[in-house]
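Number of protein chains: 2
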Amino acid sequence: MKHTTIKDVAKRLNVSISSVSRAFNDKYDIKKETKELILKTAEEMGYHPNPIAQKLSQKKTFNIGIVVPEFVNEYYSEIIIGIQEVFISNGYQVLIMQSDEDAVQELANVKTLIHNMVDGLIIAPTVESNNMSFYLKQYQNGYPIVFMGRVEESLPASKVLFDNKKWSFFATEHLLRQQYTKIYHLSGYKNLSVSNDRIQGFLKAMDKHRIPKANYKVIEGGLQAKDGIAIIEDLIYNNDLPDAFFCFNDLVAFGVIKRLKSQGFRVPEDIAVMGFTETQMAELNTPQLSSVKQPTFEMGKKTADLLLQLIDKGPDQPETIILNGELNIRESSVNEKFADSSLLFQNK
Amino acid sequence: MKHTTIKDVAKRLNVSISSVSRAFNDKYDIKKETKELILKTAEEMGYHPNPIAQKLSQKKTFNIGIVVPEFVNEYYSEIIIGIQEVFISNGYQVLIMQSDEDAVQELANVKTLIHNMVDGLIIAPTVESNNMSFYLKQYQNGYPIVFMGRVEESLPASKVLFDNKKWSFFATEHLLRQQYTKIYHLSGYKNLSVSNDRIQGFLKAMDKHRIPKANYKVIEGGLQAKDGIAIIEDLIYNNDLPDAFFCFNDLVAFGVIKRLKSQGFRVPEDIAVMGFTETQMAELNTPQLSSVKQPTFEMGKKTADLLLQLIDKGPDQPETIILNGELNIRESSVNEKFADSSLLFQNK
DNA sequence: TACAATATCGGAAACGTTTCCGAAAATTTA
DNA sequence: TAAATTTTCGGAAACGTTTCCGATATTGTA
């Protein structure tokens, strides 16, 4: 319970406190033999420098903070794992907090972390985050912050994004090439930049392929399976079903598929479905779900690299990293009338 | 960037440092008006006590650590959310580390957290954890530690467990009452106490219903969908398929269902499947998966309560909390020959 | 051998708090 | 009004480090 301190080691060897300190951070002058002796006895005595005292003295905590909306879904969990890998191997501890998709909680989390003097912050803002001005102020004051995911590309700060527009375009185009001509996009909340990007990609594909406006639609909804179910029920009620659904994420897609099946529709024979942000359930589902895989692990690592650089070298020109994904076509979006159609579209 | 300190506030008001400190921790003598004045100007100056300095002075960090095997699956994520809720509302920060199912990494994590002087630890040991003696030593030295999940009931320390044996028994009995008579249990690694408990529950049900030994089997395997798939392939190869599978978890069950379906079997008409540790995908799957729901959120809260008590009141008699679950019967385990069979078994 | 240059080390301040101790001020009591 | 009590506060040590500064010991140079 009582930790042995630097003083204990110094006393034991009749050397000064500073010498022991020097032995541990070998950037100061110390004789090789003394250093080794000190390290050896310190080891024997079970001495470890007290991180709290080090932090106070060094004005550096070797802690960084992550604030994510949630980590029940695989998406953020995997990103966090990527972040941790980088920081832990650089001697940092990673504090994780979740805002539960609540902007108030998110701001509180960020403040808590700042008061705890984390050396840097990674923020994945929540849906309706109007806290950006506070974060930006901190950033402009020199506080190392890197943003992730749900932020505008125009944000004047370093950030790691997924190219939602491009991959939404690819996903939509895939559906079109499968000869599905009436396609509805179940979008996320429209105040999410991610949603808008995906809508734009969707519309761009429609535009390119000259699909008449009557044949496509963007429907705003939530991020859960139940939201997908609710929309399908609406559409069934209004007798307004398309050939294919392009969903905001896999969970919504699973909801859609479930509800369609319970209504007697076959997927993809009657109606095709695509997801986004691939989950491990995609290939376990019946039918296997086509989806866009995001490079979560890599996103985490890139974000961490950016922050580490910001911490070590100080503020610099904001850098924006935009990552690409992978289009994984599975059963749920393959039109049987085109035998080798799965080959029509190659990942890029 | 430069934080305002207690000195700045003291200087501004021409009071002593101790008075400012007293104003913030109102356990010492201070006149009401001075206190209010100090708090007001501190607020204006944007002063916040530096947690690092507080920790050094108080010998308390107000941090607790959690070490889990992983948090990609919902199980630990949800438990962590429960833990966080309790601790954050008590003014603690929660440091989360994951061992990635690796005992070496797990030990390193625990040591890191201890060196960082967390006030307490929650450990969910990994599969092949032979670190228990180290943890127990710390615990016996008075370090507040609470264990969770994968530990033996006999462990002489406070812990929160799920009653695996009982709910495995219930799940198995449900299958038996559905008139499935040849049932295989796909178990997790046998060196996991959790696996053994579930095996025992399974065997107990077999025993109670006097099922001949030839009609049931326990097959050891992994925790992933692919492990379920591999086992099914083996069984198909050996032409050794039962009426029903009782799987270690939902993921394995999803793998099993997928492989059975791809072989042309119908679930549950030909073969029934049960999962365990319910996931949100259970009711989205086709067929909907029967499973045992674990009270993850509550487990987190109970564990946190136990640790908080240990921190506040010091060592005491070890307490073991064993929680109950819920049997959620869905399509995958209902024998159609018994119309109202889903009512045969009620949760308890 | 004497001096300069360098390598090594101890002392002490600093980081920002809490908290003990005692002194001054305010209040109560006689 | 003086003494006794209680409130309120300032000073300073302590928490365990890092790091600057200067002192001493060692080595090299002429």
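The listed protein sequences derive, respectively, from chains L and V. Straight run, no breaks: the first sequence in the numbering used here ends on number 362. Straight run, no breaks: the second sequence in the numbering used here ends on number 362. A virtual CB, placed ideally from N, CA and C, is assigned to each residue, including glycine. Since the model is a prediction, treat every value here as computed from it, not as a measurement.
Using three-state DSSP, classify residue i as helix, strand or coil.
i: A286(L); result: strand
i: N361(V); result: Caution is warranted here: a pLDDT of 40 is assigned to N361(V), below 50, making its placement in the model unreliable, and no coordinate value can be reported.
i: L320(L); result: helix
i: V174(L); result: strand
i: A138(V); result: coil
i: S355(L); result: Residue placement at S355(L) is flagged as unreliable, the pLDDT there being 44, under the threshold of 50; a coordinate-derived value is accordingly withheld.
i: S113(L); result: coil
i: V348(L); result: coil
i: E297(V); result: coil
i: E340(V); result: strand
i: N123(V); result: helix
i: L70(L); result: helix
i: K151(V); result: helix
i: Y90(V); result: helix
i: F262(V); result: coil
i: I11(V); result: Residue 11(V) lies beyond the residue range present for chain V, which begins at 15 and ends at 362; the question has no answer from this structure.
i: Y411(L); result: It is not possible to answer for residue 411(L), since the shown part of chain L is limited to 15 through 362.
i: M59(L); result: helix
i: E312(L); result: helix
i: G163(V); result: coil
i: V29(L); result: coil
i: S103(V); result: coil
Rounding to the nearest angstrom, what Cα-Cα distance links residue i and residue j in this structure?
i: N338(L); j: V174(L); result: 11 Å
i: E167(V); j: S147(V); result: 15 Å
i: T55(L); j: V124(L); result: 41 Å
i: V132(V); j: N144(V); result: 22 Å
i: S207(L); j: G289(L); result: 18 Å
i: I80(L); j: Q98(V); result: 15 Å
i: K240(V); j: E84(L); result: 27 Å
i: I93(V); j: K73(L); result: 34 Å
i: L217(L); j: A228(L); result: 13 Å
i: I336(V); j: D248(V); result: 36 Å
i: I102(L); j: V108(L); result: 8 Å
i: L53(L); j: T19(L); result: 13 Å
i: Y157(L); j: S172(L); result: 12 Å
i: I128(V); j: E120(V); result: 12 Å
i: K21(V); j: V86(V); result: 45 Å
i: E283(V); j: E350(L); result: 27 Å
i: D177(L); j: G235(L); result: 21 Å
i: Y153(V); j: H62(L); result: 19 Å
i: K204(L); j: G105(L); result: 40 Å
i: I246(V); j: I159(V); result: 40 Å
i: N210(L); j: E292(L); result: 19 Å
i: E47(V); j: A37(V); result: 10 Å
i: E312(L); j: N39(V); result: 45 Å
i: I271(V); j: F161(V); result: 34 Å
i: Y230(V); j: I285(V); result: 14 Å
i: G163(L); j: V100(V); result: 29 Å
i: F262(V); j: L200(V); result: 6 Å
i: P139(L); j: V82(L); result: 7 Å
i: H188(L); j: N64(L); result: 57 Å
i: R273(V); j: I243(V); result: 6 Å
Please look up how many angstroms separate the CB atoms of residue i and residue j, rounded, as I've assumed it's under 8 Å.
i: M321(V); j: G60(V); result: Checking the sequence, you will find Leu at residue 321(V) rather than Met. That belief does not hold up - the Cβ atoms of L321(V) and G60(V) are roughly 33 Å apart, past 8 Å.
i: S346(V); j: V281(V); result: 6 Å
i: A318(V); j: L70(L); result: So it is not a contact: roughly 28 Å between Cβ atoms.
i: I250(L); j: Q277(L); result: 6 Å
i: G202(V); j: L237(V); result: 6 Å
| query | In the region 245-265 of chain V, which residues sit with their C-beta less than 9 Å from some C-beta in chain L, listed in chain order? | reply | Taking 9 Å as the cut-off between beta carbons, the residues of the region 245-265 of chain V near chain L are L265, in sequence order.
| Is there contact between the region 256-265 of chain V and the region 192-206 of chain V, where contact requires at least three CB pairs shorter than 8 Å? | yes
| query | Do the region 28-38 of chain V and the region 328-344 of chain L touch if we need at least three Cβ pairs shorter than 8 Å? | reply | Note that the region 28-38 of chain V does not touch the region 328-344 of chain L; fewer than 3 beta-carbon pairs, one per stretch, sit closer than 8 Å.
| query | If you measure beta-carbon to beta-carbon, which residues of the region 279-298 of chain L are closer than 9 Å to chain V? | reply | So the close ones are T293, Q294, M295, E297, L298.
| query | Name the residues in the region 51-74 of chain L whose C-beta lies less than 8 Å from a C-beta of chain V; which are they? | reply | H62, N64, P65, I66, A67, K69, L70
| message | Assess contact between the region 43-57 of chain V and the region 103-122 of chain V, defined as three or more Cβ pairs (one per stretch) separated by less than 8 Å. Is contact present? | response | no
| message | Taking contact to mean 3 or more Cβ pairs, one atom from each stretch, closer than 8 Å, check whether the region 264-273 of chain V and the region 290-300 of chain V are in contact. | response | yes
| What residues from the region 80-105 of chain V come within 9 Å of chain L, judged by C-beta to C-beta, listed N to C? | Cβ contacts with chain L come from E84, F85, V86, N87, E88, S91, E92, I94, I95, Q98, I102.
| What residues from the region 307-322 of chain L come within 9 Å of chain V, judged by C-beta to C-beta, listed N to C? | Residues of the region 307-322 of chain L with a C-beta atom less than 9 Å from some C-beta of chain V do not occur.
| task | Taking a Cβ distance cut-off of 8 Å, strictly less, list which residues of the region 119-135 of chain V are near chain L, in chain order. | result | T126, H129, N130, M131
| field | Contact list for the region 25-46 of chain L against chain V, Cβ threshold 9 Å | value | none
| query | Listed from N- to C-terminal order along the chain, which residues in the region 163-181 of chain L have their beta-carbon within a distance smaller than 7 Å of any beta-carbon of chain V? | reply | From the region 163-181 of chain L, no residue has a Cβ closer than 7 Å to chain V.
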